[in-house]
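Some notes on the structure that comes next.
4 protein chains.
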Amino acid sequence: MAITASIIGSTGYTGEELTKLLIAHSKVEKILLASKSNVDLPIDPKYHKVTDKIYSKYLDYNDNLLFNSDVIFFTTPNGVAQKFTKPFYDKEILIIDLSADFRLKNPNEYKKWYGNKHTQSELLNLSCYGLSEIYKSSIAKSRLIANPGCYATAIQLGLYPLIKNKIIQLSNIVVDAKSGVSGAGRKIAGEYLFCEVNENIRAYAISGHRHYPEMIQTLQPIADEPIDLTFIPHLIPMQRGILATIYANSISNITSNQIKETFLDCYENTKFVRVLKNGETPNTANVVNTNFCDLGIHLIENSKKIIVTSAIDNMVKGAAGQAIQNMNIALGFDESEGLI
Amino acid sequence: MAITASIIGSTGYTGEELTKLLIAHSKVEKILLASKSNVDLPIDPKYHKVTDKIYSKYLDYNDNLLFNSDVIFFTTPNGVAQKFTKPFYDKEILIIDLSADFRLKNPNEYKKWYGNKHTQSELLNLSCYGLSEIYKSSIAKSRLIANPGCYATAIQLGLYPLIKNKIIQLSNIVVDAKSGVSGAGRKIAGEYLFCEVNENIRAYAISGHRHYPEMIQTLQPIADEPIDLTFIPHLIPMQRGILATIYANSISNITSNQIKETFLDCYENTKFVRVLKNGETPNTANVVNTNFCDLGIHLIENSKKIIVTSAIDNMVKGAAGQAIQNMNIALGFDESEGLI
Amino acid sequence: MAITASIIGSTGYTGEELTKLLIAHSKVEKILLASKSNVDLPIDPKYHKVTDKIYSKYLDYNDNLLFNSDVIFFTTPNGVAQKFTKPFYDKEILIIDLSADFRLKNPNEYKKWYGNKHTQSELLNLSCYGLSEIYKSSIAKSRLIANPGCYATAIQLGLYPLIKNKIIQLSNIVVDAKSGVSGAGRKIAGEYLFCEVNENIRAYAISGHRHYPEMIQTLQPIADEPIDLTFIPHLIPMQRGILATIYANSISNITSNQIKETFLDCYENTKFVRVLKNGETPNTANVVNTNFCDLGIHLIENSKKIIVTSAIDNMVKGAAGQAIQNMNIALGFDESEGLI
Amino acid sequence: MAITASIIGSTGYTGEELTKLLIAHSKVEKILLASKSNVDLPIDPKYHKVTDKIYSKYLDYNDNLLFNSDVIFFTTPNGVAQKFTKPFYDKEILIIDLSADFRLKNPNEYKKWYGNKHTQSELLNLSCYGLSEIYKSSIAKSRLIANPGCYATAIQLGLYPLIKNKIIQLSNIVVDAKSGVSGAGRKIAGEYLFCEVNENIRAYAISGHRHYPEMIQTLQPIADEPIDLTFIPHLIPMQRGILATIYANSISNITSNQIKETFLDCYENTKFVRVLKNGETPNTANVVNTNFCDLGIHLIENSKKIIVTSAIDNMVKGAAGQAIQNMNIALGFDESEGLI
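Chains as they are written, first to last, in the numbering used here: chain A, 1 to 340; chain H, 341 to 680; chain L, 681 to 1020; chain W, 1021 to 1360.
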């Protein structure tokens, strides 16, 4: 089976990463880069001699070419995908939205965190949250997949086994996350200039980051009780990679090995989550340019604090890679096809 | 008054930073770089045309030249300063030790964290912990100053007002700190190679970092109760700068403005601690190459979490700058002489 | 003597560097940051507790406050200084222009390289090109100083002794220069985003860079013959620093030591040019945050090629530092006052 | 056909890059990492869940396992491969040496540049210099391939069409090259520490770099006359990537388009050399993690200088990637199998 994949919004960093991964995917025969600019874009010279799969077209979003796609990826700014998804959904074309448009089930939450009223709230309940390892069976049946946020991916994969297995207390969970700059996309703003980012670190979004509600939406039902989680992201001088350091209080008497076993039970059969050995801590450099999430598990004996460090490439497992993984699951390909 | 300052261990990063600051210090007339290598070191070409204050000499530690110093700085590996301090101390020469040798009052704690028995434990009670803003009056009278660790400086300046004024609960304090690589000194080890550090972040010393006991030694007596503090450091790809993100639960009903006032009361009259305005968060880039500590104060209304972010230059306020500040205080100079 | 210095255009990187240096300058009592925005700017928090010299005012360029300055620095985009200089010049206020407006004596050359007609070409002959080491005596008498470009500074200091002393052939001179990103100023453009600059190097302006004509204007009269010089700049992933690698063919039979002596004769009595020892090559890290230019001199015996490597901090010797040096010379202060 | 590939010296950066590429190669069934340390190495955790192709063994170099390989790669320090190659060569096992041991045909040159006498000089004439695009037909027949140096690859691909087609004068060729730090390998030396490399640039090996003689060995026979080429490498603060800027004088009257056509004729049918369009200059970021060499071609009309900028990833086209390309050619696979 050879498919046609279309990307709406292919000129941002996420769109480019997705294009790169689709080029390497053995089941993808044709990649259509749809553009709203009023001319057909020239093929970027960086694809010269790399592939002839790419077609770059000026397209209205109702163009027949799009309707002949097997899968359509949206890597557009928040607010765009919701406008154009319905007709494709009605034709049962697989849609994978890498923006935030279908992540939150509750339109009021969407309004609260993203500022605008959701224009297609009836689609929210039809979408599936695409955290591949946790929702694999739903993803397999879905035709509208909301690809998770990058921080949300790293953090949920670290917290899920702890909460699911009632290993930690639900109060006083602290998540301190650090991200490379590509997470901000190709936004041309003073704060992302080389001279502002290099040799600098700062916290941001202290009053609330948009990836917070999607984590709570996943984790609270599992916990069955309110979760008290503080999440502060930081910008650090590197291009790719997220490290989330999770601090939580263990329930009494659990041992380091028991915690480790819980994680292994949870992720042993997954393709892309690796639980590190005792004493090892993840380096983002080991997961960059891969779809892996590396998890380091530590119990501080005195204080009974559990520290989980979770590392991903924000552009791969945190965006384009997980999108491909979800496509593979939804279209019945091998889950790791085209991914490292 | 023009003084002679000697540096024992001047070839590491801290020794070099200290040399640079002493060159710019108007009261310092002569800088003696003492070396145990068996020849007089040539003056580093980087001081050519910069200064003629520097004398670089092969010296035994009982050389008369050292005994003619007004101040002796140790920027040696842990374990060295304790061996050589006594004769200088007996002559009432001001000693400022930038290593960890005199930071911990309890020799058992020293043994526990640094591995070796302290050889001059009778000097421990004669030393003064040189956190300039907190112990200024003691520093003024001391002749043996233990310069604090870099992480310990950033974190204590952020936590001190909170604990002193009983604004936070003493359990569930989490400190997630991020440091540039110069904090490791000029240690030639694989893990500090450019290709290992660049485009990478990792946590380290999860089971316990040596700056932890000096923080507890300061803060516990103020709290008057056991403090439950978890501290995890991270290595990030930059040269200089530490950002410590402190998470704590506020006592009930305190407002954001009250917290802010507490910090202002505490630091308004200091020279080098700056409390940022509401909504501002520190950038390490703003304090690099300065002796400042910038503090951002945030209260998350829902959860009553207080977030304090504390930024310093690990080489200046976290090492050589605070050493100069302490020298200024102890010798009666203007506290900010020679510092920015 | 205590002076008032005004900066027109203080919000770019050069303006900020200049402000930092003026704060540390013992003869400067008051720094006026003039702004054309329609409100008085608040003092940047980064000057909090650093200085009270700064006044930040909304000013028309004919405001009396400006006319009470002892020196006015323009750190404005090209084309601005030429419009506003005349009235200050007529009042004999020292003007130091860090833009390109007064660098080229020939208005046709200005038009050719900067695109617009020069509006005050009669001022061009009244200005002095501020390459401090070469034109010191003229600078001392001038009231309108054109501060050189950053590349032009590094390259001219490397080439001047070679051409002046007829040590090299005038054909086949190649200059390959590499610059950190701050040279582009705080220009908010996609190409200067962290993710575009980091882990990347590229040549640019291959068809001609604007610093070329000012070099030729200086060097050709000294050579007394046409100079064939190829200059290609490159952008590398660092903030500050320029390294220019100069390749030229020596005249026959000159020895390595003779070349070295020529450089020493030329620069021995300067404050800020350092000729390195045989076998040493400059590191930009050694000159960053200083006003030094470090020169490495090499003769390849087989090929009789002379290689000169010249390193400066583009923001200091290449801009704000040299401007201060020129102010010191023109106002009769010690040439190195306020500079490292 | 499924093959077994062995790597001798797999723990350096080049060995790791090669391992990564072999994992992704569809024809490679088994990868044997041979180690001289006295225990079987554990498989690096970074290969966990990535592959089961890898076998890591403590092996003597005469172990049968090695003799059952289809190809043996040496990624050892200079001097090692020459000692162990003969028995494998005699068994007609394909050997690809990524060190310098078989690059220079003349053992005196080897002695001059590498310091030691070559111990197997009779093998030198049996080896083929593995610059894939230039020596493809010889590589196809060879069983002992000397993989070129990284600088040598970038520079020769840029110079070959110019010299071959007599487009440039052979005197006054200048090559200014800039490399990321991984080119130095995993050498634990002070000069490669993060704090020494970051925010710094310097020239090195000015008196002669070891990649010079292999370039001359290739290019001089083509030129049929002595070539006067000056080559200076520089270390810049990035991990991967080389940019070589080549300056040469054109022969009279050639046009920009004619030069361009020459390059297109030369490389149009190659898989991995891309000649950029007029006005475009290569970014190393576009070739990093690929086997491409991007070439920018410029003629400066006034001076008749030709500027060629050549960009590769030093770890891929400059080392492991070209080694795979050579393996593909020698074993009759598609030349681009396993490569991007």
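Backbone N, C-alpha and C define an ideal beta-carbon position, used for all residues, glycine too. These figures come from a predicted structure and were not determined experimentally.
**Item:** Interface residues of chain W facing E539 (chain H) [CB-CB closer than 9 Å]
**Value:** Q1259
**Prompt:** Which same chain residues, not among the five before or five after E1245 (chain W), have their C-beta less than 6 Å away from its C-beta?
**Reply:** L1190
**Request:** List the residues of chain L that G190 (chain A) touches, going by C-beta distances under 9 Å, in chain order.
**Result:** R866 and I868
**Asked** What is the DSSP secondary structure of F74 (chain A), reduced to helix, strand or coil?
**Response** strand
**Asked** By Cβ distance below 6 Å, which residues in the same chain neighbour L1249 (chain W) in space, the five residues on each side in sequence not counted?
**Response** I1193
**Item:** CB of I528 (chain H) within 9 Å of CB of L1213 (chain W), strictly
**Value:** yes
**Message:** Below 9 Å on C-beta distance, what does P566 (chain H) contact in chain L?
**Reply:** Those do not exist, as P566 (chain H) stays about 35 Å from chain L at its closest Cβ, beyond 9 Å.
**Message:** DSSP three-state label for V288 (chain A), please.
**Reply:** coil
**Message:** Helix, strand or coil, according to DSSP, for S1030 (chain W) in the structure here?
**Reply:** coil
**Asked** What does V968 (chain L) touch in chain B if you count any residue whose Cβ is under 9 Å from its own?
**Response** Among the protein chains of the structure shown, namely A, H, L and W, there is no chain B.
**Prompt:** G978 (chain L) to P1241 (chain W), Cα distance in whole Å?
**Reply:** The sequence given here has His at residue 978 (chain L), not Gly. Computed Cα separation, rounded: 29 Å.
**Message:** Does K433 (chain H) come out as helix, strand or coil in the three-state DSSP assignment?
**Reply:** First, the amino acid is wrong: residue 433 (chain H) is Ile here, not Lys. In the structure shown, I433 (chain H) sits in coil (DSSP, three-state: anything other than H, G, I, E or B).
**Message:** Give me, in chain order, the residues of the same chain whose beta-carbon lies closer than 8 Å to that of D70 (chain A); leave out the 5 immediate sequence neighbours on both sides.
**Reply:** I3, T4, A5, I93, L94 and L331
**Residues bridged to L229 (chain A) [DSSP beta-bridge criterion]** = A:I173
**Asked** In this structure, what does DSSP give as the bridge partners for T942 (chain L)?
**Response** Note: T942 (chain L) sits in no beta bridge, so no partner.
**Request:** Output, in chain order, the set of chain H residues within a Cβ distance shorter than 9 Å of Y204 (chain A).
**Result:** T621
**Asked** When you compare each of H:M341, H:K376 and H:N589 to T351 (chain H) by their alpha carbons, which one comes out closest?
**Response** H:K376
**Message:** For a test of the three-state rule: what should DSSP assign to G318 (chain A), helix, strand or coil?
**Reply:** helix
**Asked** Does the distance from the CB of P42 (chain A) to the CB of S26 (chain A) come in under 9 Å?
**Response** no
**Request:** Starting from S1076 (chain W), follow its DSSP beta bridges and name the residues at the other end.
**Result:** W:L1053
**Request:** Rounded to whole angstroms, what's the CA-CA distance from A1003 (chain L) to Y809 (chain L)? Just pull it up for me.
**Result:** 11 Å
**Item:** Under 9 Å from the C-beta of V181 (chain A): neighbouring residues of chain H
**Value:** By Cβ distance, chain H contributes nothing, its closest Cβ being about 11 Å from V181 (chain A), past 9 Å.
**Prompt:** From which residue to which residue does the alpha helix (DSSP H) around L1085 (chain W) run?
**Reply:** N1084 to F1087
**Request:** Report the residue from W:A1054, W:I1226, W:D1354 and W:N1136 whose alpha carbon sits nearest the alpha carbon of I1092 (chain W).
**Result:** W:A1054
**Message:** In this structure, how does DSSP classify Y884 (chain L) when only helix, strand and coil are distinguished?
**Reply:** coil
**Request:** Check whether the Cβ atoms of S250 (chain A) and K164 (chain A) sit closer than 9 Å, and answer yes or no.
**Result:** no
**Message:** DSSP three-state label for H889 (chain L), please.
**Reply:** coil
**Request:** Indicate whether at least one CB of chain H lies closer than 9 Å to the CB of L1213 (chain W).
**Result:** yes
**Message:** According to DSSP, H978 (chain L) sits in a beta bridge with which residue or residues?
**Reply:** L:I987
**Contact set between A625 (chain H) and chain A, taken where Cβ atoms lie within less than 7 Å** = E199 and N200
**Asked** What is the DSSP secondary structure of V683 (chain L), counted as helix, strand or coil?
**Response** First, the residue type needs correcting, since residue 683 (chain L) is Ile and not Val in the sequence shown. Strand at I683 (chain L).
**Prompt:** Who are the neighbours of K1156 (chain W) on chain A, taking C-beta pairs under 8 Å?
**Reply:** Per Cβ cutoff of 8 Å: no residues; K1156 (chain W) is ~16 Å from chain A at best.
**Prompt:** Straight-line CA distance for E369 (chain H) to K858 (chain L)?
**Reply:** 38 Å
**Item:** C-beta contact flag for E641 (chain H) and S592 (chain H) at 9 Å
**Value:** no
**Request:** Anything in chain H within Cβ reach of Y1134 (chain W), meaning under 8 Å, just list it in chain order.
**Result:** Simply none; closest approach about 24 Å.
**Request:** Select from H:I567, H:A625 and H:N418 the residue whose C-alpha is nearest the C-alpha of L499 (chain H).
**Result:** H:I567
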